[in-house]
Amino acid sequence: MDWNHYLLEEKSPHHPYADLGVMEGMVSGIYDLALVPKDTQILSLTMPLKKYHLTYSHDESLYGNKCIEGVCLSEVNVENVKLLSTLPNLKYLKISNNKQETILDLTPLRHLEVLILSDITKVTDFSFLFGLDYLKTLYLRDVKQLYDLSFLSNMTNLQELFLSNGGMSGVGKPVKSMAPLSNLKQLQYLHFALTVEHKNYDISPILSLKNLKYLTMLPRYYRNHRLETLQKELPDTIIE
Numbered sequence: 049m050d051w052n053h054y055l056l057e058e059k060s061p062h063h064p065y066a067d068l069g070v071m072e073g074m075v076s077g078i079y080d081l082a083l084v085p086k087d088t089q090i091l092s093l094t095m096p097l098k099k100y101h102l103t104y105s106h107d108e109s110l111y112g113n114k115c116i117e118g119v120c121l122s123e124v125n126v127e128n129v130k131l132l133s134t135l136p137n138l139k140y141l142k143i144s145n146n147k148q149e150t151i152l153d154l155t156p157l158r159h160l161e162v163l164i165l166s167d168i169t170k171v172t173d174f175s176f177l178f179g180l181d182y183l184k185t186l187y188l189r190d191v192k193q194l195y196d197l198s199f200l201s202n203m204t205n206l207q208e209l210f211l212s213n214g215g216m217s218g219v220g221k222p223v224k225s226m227a228p229l230s231n232l233k234q235l236q237y238l239h240f241a242l243t244v245e246h247k248n249y250d251i252s253p254i255l256s257l258k259n260l261k262y263l264t265m266l267p268r269y270y271r272n273h274r275l276e277t278l279q280k281e282l283p284d285t286i287i288e
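Residue numbers for the sequence shown follow our numbering, so the first one is 49 and each next one is one higher.
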């Protein structure tokens, strides 16, 4: 699959909510990984409920698999990071329904192009994202403790960014500032459905993103002539 412009070209099964729906051809529910079909491209390794007493086994049978391009996880651990680091064509990773307080460093997966994070309830430190030099699409929805966006400042290769909290409705807790977005000069797609603390509606960080093709924000950011300012400064951007 071509993972470029994953959001812009609406390639997810439930656009714009890329964490929802089932990806076409996804293989799931196989806990003996030696039984995973060799031509599997999308593999779910989400953890089963503890009451079922199921665990994954024979990870090594997938080491070096050249067909797997995407993996879905709920828990990030040493074993699955080790497995994923051996997959030469892994481009997509989704981590959802995660209850861990920290997420392991993802640097071994540095060739990822699309990272989907949703319903991450406890994580406050996002340094695990550092080192993903090839990442083009970053999607964060319902990351409950999201506050300081400064971790984005060094992710200058990002082309697509989706930020939303508060579930399907509402906006969740405010973040510190949108200022770090101004460093993302390669952005072509931005979905910003967060509030900023102290009711700060300053859109100036967005105005420097001259490569934007698509922008959507909460309506409050468009009031008091700010929409007109965006349209003037970003004339080639579709604004919704």
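Ideal Cβ positions, reconstructed from N, Cα and C, are used throughout, including at glycine.
Here the structure is a predicted model, which is why all the values come from computation and not from measurement.
Inclusion of Thr-204 and Lys-233 in the CB contact set at 8 Å is warranted, their separation being smaller than that value. In the three-state reduction of the DSSP assignment, Thr-277 falls in the helix class.
For Leu-177, the closest of Lys-192, Asp-167, Ile-143 and Ser-60 by C-alpha to C-alpha distance is Ile-143. Where Lys-142 is concerned, the enclosing beta strand (DSSP E) starts and stops at 140 to 146. According to DSSP, residue pairing for Cys-120 in a beta bridge involves Ser-92 and Lys-142.
Around the beta carbon of Glu-127, fewer than 16 other beta carbons lie within 10 angstroms, which makes this residue exposed. Leu-260 is the residue among Asp-80, Leu-260 and Lys-59 whose C-alpha sits nearest the C-alpha of Thr-285.
In this model, Cys-115 and Arg-274 are separated by some 47 Å (Cα to Cα). For Arg-189, the three-state secondary structure derived from DSSP is strand. About 29 Å separates the Cβ atoms of Met-95 and Glu-58, ruling out a contact at the 8 Å cut-off. Contact between Val-75 and Leu-91 holds, with the beta-carbon distance rounding to 5 Å and staying under 8 Å.
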